[in-house]
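Chemist: Handing you this structure, nothing more for now.
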Amino acid sequence: MSPAAAAEAVSDDALLVLYANGDGRAAAELTARLGPRVFGIAMRVMGGRAEAEDVTQDAMLRLWKMAPDWRPGEAQVSTWLYRVAMNLCIDRKRRARGGYVDLDAVPEPPDPGRSAAEQMQEGARQDALQAALMQLPERQRQAVVLRHLEELSNPEIAGIMDISVEAVESLTARGKRALAAALAGRREELGYSDG
Amino acid sequence: MADESKALQELEDMFAAARADPPALPLHLNTAILADAARVQPGGQTAANVRAERQPMWRQLIEAVGGWPALGGLTAACAAGLWIGMAPPSFVPDPAALAGYEENGTAVPYDSYDMAMVLSEDLQ
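Chains as they are written, first to last, in the UniProt record's numbering: chain D, 1 to 195; chain A, 1 to 124.
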């Protein structure tokens, strides 16, 4: 087994225990596994890169500080981390309420495998999706992002958001309908034909 | 109804495209996260602690007295002291005389030979 494959075989739980026992490499592996996912969720929920970076760093810092008290097997590290990240997002949104616009938000880098027109269209669709997400109420947005972009199960989302599975289903269903309605007026602009 | 289902399908396509192209963790953020991890790691993984943690006890003792040069000086001083004690130069006063003891016949009632004689007489 290669060192990379061996590292992949170690669970997040075990890596966190290794970190708490002083293994510096465990932090790098956990960051590689969980950092991009937390950052992705924070980007979608916050709608801006700078805020998402702050949330990600803060959430990871709380993970490091909690490591000595972690009890393996009781919960998933990723679930705990998502929950912290979501709460940080809510806190920041509450503090920023009053018309904050993140000028630091930058579009995704273009994919060189596609034509310029396709890249622009895909970029426009993703921007439209993000704009529609930002119109959703906070909890609906979180549920939709966790369900449809992070592909977490409803019970896991319920654990993260501290609500029932039924409430998750209701939030995601209403969120999807609201997104579809918000995007309906931009179908032609986004290159969707009526055929 | 058909419109809603089409809109939901297009939304699913957008979700799929977003999932296929997740944002990467910026390098400076990755660096900051790892710096935080090192700073708050239990046992304090600072450079000094890492060095101390990896060194055996004898090496830490040597470092505590000032490293190899200090240990060399300490060894030389010990050797000189031992030599002066065993073969003092003529100008060095006898420390026993300085403390008020004089070497004479009554100073030590029994040397080892006399003690052996006393014990042997008791046995007889």
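Just so it is clear, CB atoms sit at the ideal spot from N, CA and C, and this is done for glycine as well.
1. In three-state terms, what does DSSP make of Glu10 of chain A?
2. Is Gln57 of chain D near Leu29 of chain A, with beta carbons less than 9 angstroms apart?
3. If distances are taken between C-alpha atoms only, which option among D:Ser170, D:Leu30, D:Gly24 and D:Gly22 comes closest to Val10 of chain D?
4. Where do the ends of the alpha helix (DSSP H) carrying Leu34 of chain D lie?
5. According to DSSP, is Gln41 of chain A helix, strand or coil?
6. Which same chain residues end up closer than 7 angstroms to Ala128 of chain D when comparing Cβ atoms and leaving out the 5 residues on each side of it in sequence?
7. Which bits of chain E does Thr56 of chain D rub up against, with CB to CB less than 8 angstroms?
8. I want to verify the contact list: residues of chain A whose CB lies under 7 angstroms from the CB of Pro68 of chain D, in sequence order.
9. Does Gly73 of chain D come out as helix, strand or coil in the three-state DSSP assignment?
10. Using 9 angstroms as the threshold, is the C-beta distance between Arg83 of chain D and Ile163 of chain D below it?
11. Quick test of your reading: Leu81 of chain D and Leu34 of chain D, contact by CB under 8 angstroms. State the CB separation rounded to the nearest angstrom.
12. Buried or exposed for residue 225 of chain D, going by 16 or more other Cβ atoms inside 10 Å?
13. Taking the alpha helix (DSSP H) that Ile163 of chain D falls in, what are its first and last residues?
14. Assign Phe15 of chain A to one of three DSSP states: helix, strand, or coil.
15. Pick out whichever of D:Met86, D:Arg177 and D:Met120 has its Cα sitting closest to the Cα of Arg44 of chain D.
16. Taking all protein chains shown into account, decide if Thr172 of chain D is buried (16 or more other Cβ within 10 angstroms of its Cβ) or exposed.
17. Rounded to whole angstroms, what is the Cα-Cα separation between Asp36 of chain A and Met46 of chain D?
Modeler: Working from what's here:
1. To locate residue 10 of chain A, count along the second sequence from 1; it is residue 10. Glu10 of chain A: helix per DSSP, three-state reduction.
2. Numbered from its first residue, the first sequence carries residue 57 of chain D at position 57. Numbered from its first residue, the second sequence carries residue 29 of chain A at position 29. In contact: Gln57 of chain D and Leu29 of chain A (Cβ atoms closer than 9 angstroms).
3. Counting from 1 along the first sequence, the entry for residue 10 of chain D is found at position 10. The candidate whose alpha carbon is nearest that of Val10 of chain D is D:Leu30.
4. One-based indexing of the first sequence puts residue 34 of chain D at position 34. Taken as a continuous stretch (DSSP letters only), the alpha helix (DSSP H) holding Leu34 of chain D covers Gly24 to Met46.
5. In the second sequence, counting from the first residue as 1, residue 41 of chain A sits at position 41. Gln41 of chain A falls in the coil class under three-state DSSP.
6. One-based indexing of the first sequence puts residue 128 of chain D at position 128. Cβ neighbours of Ala128 of chain D beyond the five flanking positions: Leu183, Arg186 and Leu190.
7. Among the protein chains of the structure shown, namely D and A, there is no chain E.
8. As a working mapping, residue 68 of chain D is identified with position 68 in the first sequence. Those are Pro42, listed as they occur along chain A.
9. Position 73 of the first sequence, counting from 1, holds the residue named residue 73 of chain D. Here Gly73 of chain D sits in coil by DSSP.
10. If you number the first sequence from 1, residue 83 of chain D lands on position 83. If you number the first sequence from 1, residue 163 of chain D lands on position 163. No. Outside cutoff.
11. Residue mapping note: residue 81 of chain D aligns to position 81 of the first sequence, counting from 1. Residue mapping note: residue 34 of chain D aligns to position 34 of the first sequence, counting from 1. Contact check for Leu81 of chain D and Leu34 of chain D: beta-carbon distance about 6 angstroms, within the 8 angstroms limit, so the pair qualifies.
12. With chain D represented from 1 up to 195, any question about residue 225 of chain D goes unanswered, as that position is not in the structure.
13. The count along the first sequence starts at 1 and reaches residue 163 of chain D at position 163. Per DSSP, Ile163 of chain D belongs to no alpha helix (DSSP H) and is neither H nor E.
14. Working through the second sequence from its first residue, we reach residue 15 of chain A at position 15. If DSSP states are grouped into helix, strand and coil, Phe15 of chain A belongs with the helices.
15. Translated into the one-based positions of the first sequence, residue 44 of chain D becomes position 44. Of the residues D:Met86, D:Arg177 and D:Met120, the one whose Cα lies closest to the Cα of Arg44 of chain D is D:Met86.
16. By one-based count along the first sequence, residue 172 of chain D stands at place 172. Classified as buried, Thr172 of chain D has 16 or more neighbouring CB atoms from the shown chains inside 10 Å of its CB.
17. Position 36 of the second sequence, counted from the start, is the residue given in the question as residue 36 of chain A. Position 46 of the first sequence, counted from the start, is the residue given in the question as residue 46 of chain D. Going by the C-alpha atoms only, they are around 22 angstroms apart.
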